[in-house]
Amino acid sequence: MDTSQDKPLDNAMEQQAVEAFRSECFPCNPRPFAKVLGEIVAREGTDAIKSDRAKAVLFILMAQAYGQLAVIDMHDEWCRLERLPKEMPITKEVV
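Here it is in structure tokens:
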């Protein structure tokens, strides 16, 4: 999937990202999914994040961040993130 920041995704590429959670192979590159999610919200407004299309893309991003089929307690995760330093260093390390 092309991740160029200048060129908008066409409908086929967006549909591919939305359907990725059904794939037998789990995607490892978050960039196209972040771009699709951003485009859905830019095109349809901020409430679009609640749509099933946006949630399907968000599912891939969350699974990439936390692991496939991870159970996340949002309150516990918020508390963990809140304890991090205010100025988090920019790094390429995977946490």
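Read in order, the letters of the sequence shown correspond to residues 8 to 102 in the working numbering.
Every residue, glycine too, gets a C-beta built ideally from N, C-alpha and C.
Treat the numbers as computed from the prediction; the structure is a model and nothing was measured.
* **Alpha carbon of Gln23 to alpha carbon of Glu31, nearest angstrom** => Residue numbering aside, residue 23 sits at position 16 when the sequence shown is read from its first letter. Residue numbering aside, residue 31 sits at position 24 when the sequence shown is read from its first letter. A straight line joining the alpha-carbon of Gln23 with that of Glu31 spans about 13 angstroms.
* Asked: When you compare each of Arg29, Leu16 and Met20 to Ile67 by their alpha carbons, which one comes out closest?
  -> Here residue 67 refers to the residue found at position 60 when the sequence shown is read from its first residue. If you compare the alpha carbons of Arg29, Leu16 and Met20 with that of Ile67, the shortest gap goes to Arg29.
* Based on Cα-Cα distance, which residue from Gly74, Ile79, Phe40 and Ala70 lies nearest to Arg60? -> As a first step, residue 60 must be located in the sequence shown, where it is residue number 53. When the alpha-carbon of Arg60 is set against those of Gly74, Ile79, Phe40 and Ala70, the nearest one is in Phe40.
* Asked: Glu21 and Val43 look like a contact to me (Cβ under 8 angstroms); what is the Cβ gap, rounded to whole Å?
  -> For the purposes of this step, residue 21 is taken as residue 14 along the sequence shown, with counting starting at 1. For the purposes of this step, residue 43 is taken as residue 36 along the sequence shown, with counting starting at 1. With 8 angstroms as the limit, Glu21 and Val43 qualify as a contact, their Cβ atoms being about 5 angstroms apart.
* **Helix, strand or coil at Met8 according to DSSP, with G and I counted as helix** => Along the sequence shown, one-based indexing puts residue 8 at 1. Summary for Met8: the model assigns pLDDT 49, below 50, so the residue's position carries little reliability; its value from the coordinates is reported in the next sentence. Met8 falls in the coil class under three-state DSSP.
* Presumed contact (8 angstroms Cβ cut-off) between Glu46 and Leu16, rounded CB distance -> In the sequence shown, counting from the first residue as 1, residue 46 sits at position 39. In the sequence shown, counting from the first residue as 1, residue 16 sits at position 9. That belief holds up - the Cβ atoms of Glu46 and Leu16 are roughly 6 angstroms apart, short of 8 angstroms.
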